[in-house]
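Trainee: Quick one: this structure, given as structure tokens, is what I'll be asking you about.
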Amino acid sequence: MSAGGSTRAILAALAANAGIAAAKFIGYLITGSSSMLAEAVHSVADTSNQALLLFGQRVAQRGADRLHPFGYGRSRYFWSFVVALVLFTLGSVFALVEGYHKIIHPEQLSAPIVALAILLVAISLEAFSFRTAMVESRPLKGDESWWRFIRNSRSPELPVVLLEDTAALVGLVFALAGVGLTVLTGDPVWDGVGTVAIGALLGVVAVILMVEMHSLLIGEGATAEEDRAIRAALEATDHVERLIHIRTQYLGPDELLVAAKIALAPQVDLATVAATIDAAEVRVRAAVPAARVIYLEPDLDKALAK
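Quick note: the sequence shown uses full-length UniProt numbering, first residue 1, plus one each step.
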């Protein structure tokens, strides 16, 4: 996934959420709906999160220096983790507290039709943002699911936007249900129930994001498909008898570190060793373009040396 695709998805989400947040706050001021307020705060959190993702991309573009010889690529993982924290604290906790308050002390809504109209418009705008994220990610390969894409992606922004947009759409449905049931039954408790449901949903999504970003921050290796391609490229290189062992780790969403020990025949001279390493690096980068940092250690094949 290109950085340009991630940026387009982030900008689409940023524009949609900023407009939706303003509309929801207006709706809350008119109706007094806690579901509407929870959704407004949720949209503010999402808007802030998209700004953080853009900032993380900007920081990651800094070149390597003495303190960070492998560059700043993991900044994108860090700021995506901050996004999960913001979603949990500003979105989930606020909605849970506000919903609890509205259930204990229910208040009648004024002009609920306004709230319903704003929620329906917000659903259409969120659907546009979600569709943009889906188009830019294009994750499905064969039987690959969206969940597998989120789990396997080494680029943090699109999974974050996809999960946020999914939570936003489902949260809007919860808010719509809460306001709608309040109108149908005349009981404002349903508005508080909808708000609690929104808070629980955001909490689940935030925890999923925290777990995923924590894994990326620690350092994830190549995907299974990339690992097979790298192994095949090394073993197909002339004069490489076999691959002894390999370690990989993503230094950033677009930069993979490959370290491997390769067995060469005992009679190979130094010039051939150097040429073999160069050829192996070319093959690996052709197979997996993200493999930008490669360290190969030549060794004798002990089995052939006997």
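From the three backbone atoms N, C-alpha and C, an ideal C-beta is built for every residue, glycine too.
Here the structure is a predicted model, which is why all the values come from computation and not from measurement.
1. Could you give the residue range of the alpha helix (DSSP H) that holds R283?
2. Where do the ends of the beta strand (DSSP E) carrying E241 lie?
3. Any chance you could list the alpha helix (DSSP H) runs of at least 4 consecutive residues sitting entirely within the stretch 57-109, in chain order?
4. Can you check DSSP and say which residues form a bridge with A263?
5. Would you decide whether V135 is buried or exposed? Buried here means 16 or more other CB atoms lie within 10 Å of its CB.
6. Among all the DSSP beta bridges, which residues are the ones paired with E255?
7. Do P106 and V189 count as a contact pair if the criterion is CB distance below 8 Å?
8. Which residues in the same chain as V59 place their Cβ atom closer than 7 Å to its Cβ, once the five residues preceding and following it in sequence are excluded?
9. Taking C-beta to C-beta, are L202 and A233 nearer than 8 Å?
10. Closest to E164 by CA distance: which of E281, S43, V173 is it?
11. Measure from the alpha carbon of A265 to the alpha carbon of each residue in L257, L243, A286, then state which is nearest.
12. Would you list the one or two residues that DSSP bridges to V293?
13. I need the straight-line Cα distance from E255 to R292, nearest angstrom please.
14. For V114 and P159, I'd like the C-alpha separation in whole angstroms.
15. Would you check if the distance between the CB atom of A16 and the CB atom of L184 is smaller than 8 Å?
16. Counting only beta-carbon separations shorter than 8 Å, does L176 have a partner in chain D?
17. Take the Cβ of R228 as the centre, count every other Cβ of all protein chains shown within 10 Å, and call the residue buried at 16 or more, exposed below.
18. Report back the beta-carbon spacing between L176 and L116 to the nearest angstrom; my notes put them in contact at under 8 Å.
19. For the alpha helix (DSSP H) that contains A200, what are its first and last residues?
20. For the pair the stretch 47-54 and the stretch 268-282, tell me if three or more CB-CB distances fall below 8 Å.
21. So, for V121: in the same chain, excluding its five sequence neighbours on each side, which residues have a beta-carbon less than 7 Å away from its beta-carbon?
22. In this structure, how does DSSP classify G19 when only helix, strand and coil are distinguished?
23. Does the beta-carbon distance from A40 to G99 come in below 8 Å?
24. Contact check, F94 vs W79 under 8 Å by CB: the rounded distance?
25. Determine the direct distance from the alpha carbon of I294 to that of P156, and round the result to whole angstroms.
26. How is G186 classed by DSSP in three states: helix, strand or coil?
27. Along the chain, where does the alpha helix (DSSP H) containing residue 334 start, and where does it finish?
28. Can the beta-carbon of Q267 be found less than 8 Å from the beta-carbon of G219?
29. Could you pull out every residue in the same chain whose Cβ sits closer than 7 Å to the Cβ of V82, ignoring the five residues on either side in sequence?
30. If you check the beta carbons only, do T195 and S35 fall under 8 Å apart?
31. What is the residue span of the alpha helix (DSSP H) that A224 lies within?
32. Taking all protein chains shown into account, do 16 or more other C-beta atoms lie within 10 angstroms of the C-beta of L29, making it buried, or fewer, making it exposed?
Mentor: To lay it out plainly:
1. 270-287
2. Unbroken beta strand (DSSP E) run through E241: 240-252.
3. 75-86, 94-104
4. Beta-bridge pairing links A263 to R242, D299.
5. exposed
6. The secondary-structure analysis by DSSP pairs E255 across a beta bridge with G252.
7. yes
8. Y72, S75
9. no
10. For the residues E281, S43, V173, the minimum Cα distance to E164 belongs to S43.
11. Out of L257, L243, A286, L243 has the C-alpha closest to the C-alpha of A265.
12. L257
13. 6 Å
14. 33 Å
15. no
16. Any reference to chain D falls outside this structure, which holds one protein chain only.
17. exposed
18. 7 Å
19. 189-218
20. no
21. A23
22. helix
23. Note that the C-beta distance between A40 and G99 is not below 8 Å.
24. In fact, because the Cβ distance is near 21 Å, the residues do not count as touching under 8 Å.
25. So the two alpha carbons sit approximately 23 Å from each other.
26. coil
27. Not covered by the structure: residue 334. The range shown for the chain is 1 to 306.
28. It is not a contact, given that the beta carbons lie outside the stated cut-off.
29. L52
30. yes
31. 224-235
32. exposed
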